[in-house]
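One structure below.
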DNA sequence: ATGGTCGCGGAGCGA
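Residue numbers (the UniProt record's numbering): 1 to 255.
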């Protein structure tokens with residue numbers, strides 16, 4: 001099973017690129033973030049036309065997550081159960097075949113120390129509880145999405161410049177570790193220790209052309225899923241060209 | 001370069 005995570009930064013604006021990607025890569029499952037579309041306006045016809053079922057959890061203007069799958073999508077859960085004080089559409093879970101999926105659009109946090117940053121840490125703590133309570137590590141569990149957090153210097157193009165900054169601060173990294181504490185592993189690092197593998201490049205600084213990126217989109221796998229994981233790849237072609245998202249899709253293969 | 005560019009929605013916010 002080839003599973004993709006992709007922050008598309010508006011699905012409707014990204015449709016030409018999304019359709020191109022689906023036809024070129026033909027993944028089995030796609031976890032989307034920042035769809036920025038209410039469910040009534042979700043552009044489902046063209047996606048279904050390529051053979052995908054869809055589960056979506058959208059809202060107006062901001063956020064929004066969705067799962068596309070060639071196989072039936074079962075047991076869909078939207079939001080963080082019991083945490084209704086988080087009004088944004090940032091979480092959708094589902095089961096596809098024998099894989100339990102959790103698709104996350106983690107709060108960005110804007111700047112270390114601001115109110116949005118504090119909210120990010122609280123939100124991630126709630127996700128950690130949800131993972132611990134609802135995703136048994138004896139199953140094939142895939143927690144993926146835009147985490148808006150790097151693991152370490154290898155994920156950062158200029159670690160000195162970014163040290164302690166948003167997406168790189170220790171409290172954020174600790175919150176990410178807490179989500180993984182029940183037994184999730186970073187799938188990319190099963191396969192390589194290389195630095196410089198990035199998934200997001202800032203529009204404003206023309207980061208992609210400069211090679212100035214960060215790795216903030218991850219696949220966190222339970223032991224059975226990690227054992228079955230044969231590759232993790234970033235599709236740089238989808239980040240290049242006309243009207244790309246600021247994130248590249250990441251493809252994780254589970255045999 | 002303490003800026004810059006996107007997307008949404010139709011000004012300013014979020015990223």
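Note that beta-carbon positions come from the ideal geometry of N, C-alpha and C, so glycine has one too.
These figures come from a predicted structure and were not determined experimentally.
Output the distance between the C-alpha atoms of residue i and residue j, rounded to the nearest integer angstrom.
| i | j | result |
| --- | --- | --- |
| residue 154 | residue 121 | 22 Å |
| residue 77 | residue 113 | 31 Å |
| residue 73 | residue 160 | 43 Å |
| residue 141 | residue 173 | 21 Å |
| residue 201 | residue 249 | 12 Å |
| residue 19 | residue 221 | 27 Å |
| residue 198 | residue 171 | 21 Å |
| residue 22 | residue 50 | 8 Å |
| residue 156 | residue 75 | 36 Å |
| residue 212 | residue 205 | 9 Å |
| residue 146 | residue 103 | 8 Å |
| residue 196 | residue 7 | 19 Å |
| residue 83 | residue 44 | 28 Å |
| residue 107 | residue 14 | 21 Å |
| residue 95 | residue 54 | 12 Å |
| residue 79 | residue 207 | 32 Å |
| residue 192 | residue 218 | 14 Å |
| residue 56 | residue 169 | 31 Å |
| residue 117 | residue 124 | 11 Å |
| residue 239 | residue 67 | 20 Å |
| residue 81 | residue 178 | 18 Å |
| residue 253 | residue 216 | 19 Å |
| residue 164 | residue 158 | 12 Å |
| residue 133 | residue 71 | 26 Å |
Nearest to residue i by CA position, among the options, is which residue?
| i | options | result |
| --- | --- | --- |
| residue 101 | 238, 246, 136 | 136 |
| residue 245 | 190, 34, 215, 71 | 34 |
| residue 234 | 56, 227, 225, 214 | 214 |
| residue 162 | 111, 82, 29 | 111 |
| residue 223 | 180, 119, 195, 249 | 180 |
| residue 291 | 197, 126, 237, 17 | Nothing about residue 291 can be read from this structure; the chain reaches only from 1 to 255. |
| residue 60 | 104, 175, 10, 206 | 10 |
| residue 92 | 63, 109, 71 | 63 |
| residue 69 | 98, 206, 30, 138 | 30 |
| residue 12 | 5, 1, 23, 47 | 47 |
| residue 230 | 86, 194, 208, 187 | 187 |
| residue 183 | 207, 148, 131, 145 | 131 |
| residue 37 | 98, 81, 89 | 89 |
| residue 185 | 115, 151, 240 | 151 |
| residue 105 | 58, 134, 99 | 58 |
| residue 128 | 116, 87, 176 | 176 |
| residue 236 | 209, 87, 124 | 209 |
| residue 189 | 216, 232, 115, 86 | 232 |
| residue 149 | 81, 109, 240 | 109 |
| residue 87 | 239, 138, 119 | 119 |
DSSP state of residue i, grouped into three classes?
| i | result |
| --- | --- |
| residue 78 | strand |
| residue 33 | strand |
| residue 68 | strand |
| residue 21 | helix |
| residue 2 | strand |
| residue 13 | helix |
Contact check, residue i vs residue j under 8 Å by CB: the rounded distance?
| i | j | result |
| --- | --- | --- |
| residue 39 | residue 3 | Incorrect: roughly 23 Å between the Cβ atoms, too far for contact. |
| residue 166 | residue 25 | That belief does not hold up - the Cβ atoms of residue 166 and residue 25 are roughly 31 Å apart, past 8 Å. |
| residue 65 | residue 41 | Actually they do not touch by this definition, with Cβ atoms about 15 Å apart. |
| residue 1 | residue 99 | 6 Å |
| residue 255 | residue 228 | 5 Å |
Continuous beta strand (DSSP E) assignments of at least 3 residues falling wholly in the stretch 98-177: 99-105, 140-146
Runs of alpha helix (DSSP H) lying entirely within the stretch 183-248, each at least 4 residues, in chain order: 188-191, 207-210, 223-228
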